[in-house]
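Numbering (my numbering), first residue to last: -11 to 616.
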């Protein structure tokens, strides 16, 4: 039952002292999900109640609250109150500044039908309390999804319940990260209703860290899905297993690509008619969609789940992930190639279809090309991604691939190897008078490292590209100057290569007849990655290898006096190898670093830090040269 009124006195001074960093704290927070059968249909209402104490009123996001609504979740019974603090007690007044607004994205790449109620309380001040109550009605029961326990603000008391008629509704639940909270869970059967309750006090806030995982990886919550319900009219399957989920996806797609389009057939033939193999034809279709169709994310009711007609997308020359995937499928199937729709979740979703089959496992659609030996994942939304090279965001995720009615299978997208995602920087140095270095560099990128750089540099002026590359290529100290650069090769299918010239003033130090130089221009590589006093896993976009090759020309002016000892440390997470060598003409330094995991969990921190600490010990290694 929803809390009403506010009986207890709030010790504002105590909470200001107890939570000095928090903008607000939840005094009360509850959600009650009530599932009922009404005649021959299912009713799902989520009752929400929250009451929070404002501790910092100088932040704009504290002065309003958004309650989202869309075609699947209708908000009702919305009311809000402002408890004004006068220094000793709170006086309750209703909030009337409540407006329904439309969500939009300013960068022009996203459109949806989401709306929200904006609850404004611009005069809120330190010590005031805000209370908000509202209901959410789920018009599509498959979208009953997640009950979050965690937030970025602390909560003194939290309570969550789910009730449903046990004999008529099959409900599945899965707890995520709840071992992190003091959760008290209870179950009871009352008049045929199964009631699940989760109660907790003093819930700590989530925090933010560098290289952190997504909110759903950090938070504590319950996943919910309704597998089926039974009424006098029969049993209705919803989700909860792959058969149900796949059937629903096909139901949504039943009117897509229903008719043939002569222009699309003609276009497909023009793209593929000179190609001999099926692989070449699929590749040509993929690249055509990737380069000719502008990516524009678009959600509008069920349109957020149903692709638009392939011919329409082709004509408009823009579409979202579903539109682009569907266009690839339609063009390929026009010439009888085995390419199919595939639903998939991105890496910010920490669960797979096989673990908890529900619509919220997927937020993306791609195409899948099926050969006798392989499944190729085609995501044309990824600009500059080569054919059969999955976008970084879907690595290690399961794709639900539909082959038709009652025919589907799961296939996991591979992780891209660290040897594929390569950064290689090779430089030749000349020592000039005044301890200045003059250098020529050859820089090569492959895999996701290349794709990222191509996106950074895309459509940028030479001067802007130079600023970007100066930060990437910077060596030694803030006296590094990137003189010139030339991108010698930039192609989707090949490595990116560039040649550059640079200088560094005052980089060498000297003592009497000796000159000292630190050849490891990547000495600070791990400075921000040491996992100390860290709460959450480290999360990376991709595995990688970074190679640095440095040649110092002696030119008869110098000879090696001392070179550091070779060092190598590695484990399953990461590693490095440093090698020094010398001859009469030069001193050579080779430094190879690799990271082989996308997620470094707290259980890994000891092994992770072990390697990094050994790397940091090499930061001060100097090579000394004597002058002839």
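Yeah, the Cβ is synthetic: ideal placement off N, Cα and C, and Gly gets one too.
| Check | Outcome |
| --- | --- |
| Inter-stretch contact (C-beta, 8 Å, three-pair minimum) for the segment 119 to 127 and the segment 207 to 222 | no |
| Terminal residues of the beta strand (DSSP E) in which residue 52 lies | 52 to 57 |
| Residue 140 beta carbon less than 8 Å from that of residue 194 | yes |
| Exposure label - residue 93; buried when at least 16 CB within 10 Å | Low confidence applies here, because residue 93 scores a pLDDT of 47, under 50, leaving its location unreliable; read the following figure in that light. Looking at its Cβ environment, which holds fewer than 16 other Cβ atoms inside 10 Å, residue 93 is exposed. |
| Distance between residue 464 and residue 413 (C-alpha atoms, nearest Å) | 14 Å |
| Inter-stretch contact (C-beta, 8 Å, three-pair minimum) for the segment 342 to 354 and the segment 305 to 313 | yes |
| Counterpart residues of residue 332 in DSSP-defined beta bridges | 352 and 387 |
| Member of 420, 9, 145 and 294 whose CA lies at the smallest distance from the CA of residue 19 | 145 |
| Local Cβ density within 10 Å of residue 560, reported as buried at 16 or more and exposed below that | exposed |
| Spatially closest choice to residue 274 from 35, 481 and 579, by CA coordinates | 481 |
| Straight-line Cα distance separating residue 579 from residue 237 | 50 Å |
| Length of the line joining the Cα atoms of residue 333 and residue 383 | 10 Å |
| Where the beta strand (DSSP E) through residue 24 begins and ends | 12 to 26 |
| Contacting residues, own chain, Cβ-Cβ under 6 Å from residue 79 (five flanking each side not counted) | 72 |
| Classification of residue 420 by the beta-carbon crowding that lies within 10 angstroms, buried from 16 upward | exposed |
| Expected contact under 8 Å - CB spacing of residue 506 and residue 601 to nearest Å | So it is not a contact: roughly 19 Å between Cβ atoms. |
| Closest residue to residue 493 among 477, 471, 526 and 240 (Cα-Cα distance) | 471 |
| Residue 154 versus residue 229 - alpha carbon distance | 18 Å |
| 6 Å CB neighbourhood of residue 1 in its chain, flanking five on each side removed | none |
| Alpha helix (DSSP H) segment containing residue 203, residue limits | 203 to 206 |
| Same chain only: Cβ atoms within 7 Å of residue 590, ignoring 5 sequence neighbours per side | 525 |
| CB-CB length for residue 409 against residue 435, believed under 8 Å | 4 Å |
| Exposure label - residue 550; buried when at least 16 CB within 10 Å | exposed |
| Nearest residue (CA-CA) to residue 473, options 374, 439, 536 and 452 | 452 |
| Where the alpha helix (DSSP H) containing residue 427 begins and where it ends | Premise fails: residue 427 lies in the beta strand (DSSP E), 424 to 433, not in any alpha helix (DSSP H). |
| Top-ranked residue by Cα proximity to residue 12, from -2, 35, 36 and 43 | 43 |
| Sheet register partners of residue 658 (DSSP bridge) | As displayed, the chain neither begins before -11 nor continues past 616, which places residue 658 out of reach and without an answer. |
| DSSP-derived helix/strand/coil call for residue 503 | strand |
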